[in-house]
Amino acid sequence: MTERFVVAIDQGTTSTRCIVFDRHGQLVSLAQQEHKQHFPRPGWVEHDAGEIWRNVERLAPLALQRAGITTGQVSAVGIANQRETTVLWDRRTGVPVGRAVVWQDTRTDGLVNTLAHAPGAAEVQERSGLPLATYFSGPRLNWILDHTPGLRDRAERGEVLFGTMETWLIWNLTGGLHVTDVTNASRTMLLDVRTLRWSPQACEFFGVPMAMLPEVRPSVAVFGRARSAFPGVRIGAALGDQQAALFGQTCFTPGEAKCTYGTGSFLLLHTGPELIRSTHGLLTTVAYQLAGEPAQYALEGSIAITGSLVQWFRDQLELISSAPEIETLARTVADNGGCYIVPAFSGLYAPHWRSEARGVIVGLTSYITKGHLARAVLEATAWQTREVVDAMNANSGLTLTTLKVDGGMTADNLLMQSVADVLDVPVVRPLASETVSLGAAYAAGLAVGYWSDLEDLRRNWHRAAQWMPAMEPAVRDREYGNWRRAVERTFDWITPA
Ligand SMILES: Nc1ncnc2c1ncn2[C@@H]1O[C@H](COP(=O)(O)OP(=O)(O)OP(=O)(O)O)[C@@H](O)[C@H]1O
Ligand SMILES: [Mg+2]
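To convert, count from 1 in the sequence shown and add 3; that's our numbering.
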């Protein structure tokens, strides 16, 4: 019998990966391609959706070739994607209308401010489980419709379609299926997070014609068969990348949580089939939905800037030449020397949600070296995690006892130790590092019966590393106090025009 495999497409913010997995959840082959980041104005971030689709078309055969397998040996393909990034295209030609507007883009800050005072704002936030912020797709879609002449009329007539990246990929893979999954839909502000249907009120609030919205489906379900990239293969799952990581970490039981450290960092706590309202600056979001079953929910603490602060340190300040050097540089000094960096580059996300905040470096004296700055860069990620964990504990009534981590930044031992120290709980990392892709593969494999159940997947989770807290409580308290004072200094920097 020919061996069979599952493939994941991880369409991320900086790159797209195509990964082949075997039955044990082991990575068999990987093909990866970065795409161009367009920064046309300060605060604007765009991607070329056409470029991203072409990358998928090129990476698919490459990954299979590297694995030495044929399309016929692929049981299913699963998609994980950067969330909230918004793309519009022509239904007839399939050509994108302008560039995709990326989740980090802050062009809607004025609009979000205005909408916050508009009638119905409270209800829209309550229904969607999300605060009004530049982060989500709804305001972004409104902005695009307002700033492209004639577009709203075309959208009303159903000639122009909206999607987040999984919708765009499935449309292209299948040759015209216009669908989304509940996790991605739950990040638009247009979905009623309880009924899992598009909310007519929210669509009216954001001026979005419902004719342009994709059909909402469960995350773990056969969406259809691919016609290109993987001809004939079933698309078994679509999940937002952070939800995919939760799935890949096998956090299937309420109370289980993970934090993924990549461009930004995202802590998700599985809360079960009952929706828990966020009360402490977290998001209520859908964790996943298996076909024919009720949706599972999560509370999420989203941190916009973590790995991208390391990238900024490397590419804009040029103080290091590769990301891992941040650890070497930080180890040249014993502590932060009194210096703190709060990277509010796109405002602050959880738990503050301050779109008018901008980044600061505080505590500068003649004593500070680039080593101290490197420490402050890493500690910024640790303290932002602490703020989110505090909110999570307060919101859920549960107390986090260990933190499962994954993502590119978890290669940094100093950082992971620092996270354990400031949280005062053990931090554990699984053997599988590509957790986002693994989650998409698991979900797709489950949908087509490649794996039989969640228990089957749980058995694949193996611990590879652990960091134990070792910080003196008095030091922790003092440092946290300093961090919080630093955070306050970022507030109210952008004043309304
Ligand atoms: N050793 C390290 N120490 C600190 N940060 C690191 C280290 N190695 C990588 N990073 C950071 O981790 C990030 C990459 O992580 P990862 O590969 O998980 O992100 P990603 O999935 O590619 O992001 P996206 O999905 O947004 O495209 C980069 O921002 C990089 O700066
Ligand atoms: Mg990623």
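All residues carry an ideal CB built from backbone N, CA and C; glycine is no exception.
What does the alpha-carbon distance come out to for the pair Thr-73 and Leu-67?
Distance between the alpha carbons of Thr-73 and Leu-67: 6 Å.
Out of Arg-7, Gln-36, His-27, Thr-5, which has the shortest C-alpha to C-alpha gap to Asp-13?
The residue with the shortest Cα to Cα distance from Asp-13 is Gln-36.
Taking its Cβ as the centre, do 16 or more other Cβ atoms sit within 10 Å of Leu-91, making it buried, or is it exposed?
So Leu-91 counts as buried.
Return the first residue and the last residue of the beta strand (DSSP E) that Pro-433 is part of.
Start and end: 430 to 433.
For Leu-351, I'd like the list of residues in its chain whose CB is within less than 6 Å of its CB, leaving aside the five on either flank, ordered along the chain.
Taken in chain order, the residues that qualify are Arg-357, Ala-360.
What do you get for Ala-477, buried or exposed, if any count of 16 or more other CB atoms within 10 angstroms of its CB means buried?
Counting Cβ neighbours within 10 Å, Ala-477 comes out exposed, since fewer than 16 surround it.
Just list the alpha helix (DSSP H) runs in the stretch 285 to 365, keeping only unbroken ones of 4 residues or longer that don't cross its boundaries, in chain order.
Whole alpha helix (DSSP H) segments, 4+ residues: 310 to 318, 328 to 333.
Assuming contact is defined by CB atoms lying nearer than 8 Å, are Ala-248 and Asp-409 in contact in what I supplied?
Yes; because the gap between Cβ atoms is below 8 Å, this pair is in contact.
Any heavy atom of ligand 1 closer than 7 Å to the beta-carbon of Ile-329?
Yes; taking the cut-off as 7 Å, the Cβ of Ile-329 has a heavy atom of ligand 1 nearer than that.
Ignore the nearest five residues each way along the sequence and tell me which others in Arg-160's own chain have a CB closer than 8 Å to its CB.
Ala-214, listed in sequence order.
Could you name the residues that DSSP lists as bridge partners for Ala-260?
Looking at the DSSP assignment, Ala-260 forms a beta bridge with Leu-272.
Say the cut is 7 Å; is the CB of Asp-338 nearer than that to a heavy atom of ligand 2?
No, since every heavy atom of ligand 2 falls outside the 7 Å radius drawn around the Cβ of Asp-338.
Does DSSP classify Thr-282 as helix, strand or coil?
Of the three classes helix, strand and coil, the one that applies to Thr-282 here is coil, per DSSP.
When the distance is taken between beta carbons, is Leu-242 closer than 8 Å to Gly-411?
Cβ atoms of Gly-411 and Leu-242: not closer than 8 Å.
Quick check on this structure: which residue in Glu-437, Pro-472, Glu-475, Tyr-483 has the alpha carbon closest to the alpha carbon of Gly-28?
For the residues Glu-437, Pro-472, Glu-475, Tyr-483, the minimum Cα distance to Gly-28 belongs to Glu-437.
Just how far apart, CA to CA, sit Val-10 and Asp-195?
Spanning the two alpha carbons is a distance of roughly 31 Å.
Does the stretch 166 to 182 touch the stretch 81 to 91, meaning 3 or more C-beta pairs lie closer than 8 Å?
A contact exists between the stretch 81 to 91 and the stretch 166 to 182.
Compare the beta carbon distance of Met-192 and Leu-133 with 8 Å and say whether it is the shorter of the two.
Their beta carbons are under 8 Å apart, which means Met-192 touches Leu-133 by this criterion.
Return the residue from the list Thr-274, Ala-136, Thr-266 that minimises the CA-CA distance to Phe-255.
Minimum Cα distance to Phe-255 is reached at Thr-274.
State the DSSP-derived secondary structure class of Arg-488, mapped to helix, strand or coil.
Note: Arg-488 maps to helix in three-state DSSP.
Do you know how far the Cα of Asp-93 is from the Cα of Val-100?
Taking the straight line from one Cα to the other gives about 7 Å.
Should the stretch 457 to 470 be regarded as contacting the stretch 97 to 117, the criterion being three or more beta carbon pairs within less than 8 Å?
Result no; under three Cβ-Cβ pairs closer than 8 Å.
Is Gly-265 near ligand 2, going by C-beta to nearest heavy atom under 7 Å?
Yes, the Cβ of Gly-265 comes within 7 Å of a heavy atom of ligand 2.
Near Tyr-264, which residues of its chain fall below 8 Å by C-beta distance, leaving aside the five closest residues on each side in sequence?
So the qualifying residues of the chain are Thr-309, Gly-310, Thr-384, Val-408, Asp-409, Gly-410, Gly-411, Met-412, Thr-413, Leu-418.
Which residues bound the beta strand (DSSP E) around Arg-220?
Unbroken beta strand (DSSP E) run through Arg-220: 218 to 220.
Measuring only the C-alpha atoms, how far is Ser-131 from Ala-34?
So the alpha carbons of these two residues sit roughly 36 Å apart.
Is Asp-415 near ligand 1, going by C-beta to nearest heavy atom under 7 Å?
The answer is yes for Asp-415.
Run through DSSP, which three-state label would His-150 get?
Three-state DSSP puts His-150 in a helix.
Rounded to the nearest angstrom, what separates Ser-421 and Thr-96 at their Cα positions?
Whole-angstrom Cα-Cα distance: 51 Å.
Residues in its own chain within less than 8 Å of Pro-276 by CB, not counting five upstream and five downstream?
The residues are Pro-297, Ala-298, Gln-299, Tyr-300.
Where are the beta strand (DSSP E) runs, 3 residues long or more, that stay fully inside the stretch 170 to 206, in chain order?
182 to 184, all fully within the stretch 170 to 206.
Can you give me the Cβ contacts of Pro-433 inside the same chain, cut-off strictly under 8 Å, excluding the 5 residues immediately before and after it?
Counting only Cβ-Cβ distances below 8 Å, and skipping sequence neighbours, we find Gln-252, Lys-407, Asp-409, Trp-464, His-465, Arg-466, Ala-467.
Could you round the C-beta distance between Ala-103 and Ala-52 to whole angstroms and report it? I think they count as a contact, below 8 Å.
Confirmed, Cβ separation roughly 5 Å.
Between the stretch 369 to 389 and the stretch 326 to 341, do three or more beta carbon pairs fall short of 8 Å?
Yes: the two stretches touch, three or more of their Cβ pairs being nearer than 8 Å.
Per DSSP, what are the beta-bridge partners of Asn-416 in this structure?
Answer by DSSP bridge pairing: none, since Asn-416 is not bridged.
Assuming Ala-229 and Leu-403 are in contact, meaning their beta carbons sit under 8 Å apart, how far apart are those beta carbons, in whole angstroms?
Their Cβ separation, rounded to whole angstroms, is 39 Å, which puts Ala-229 and Leu-403 out of contact at 8 Å.
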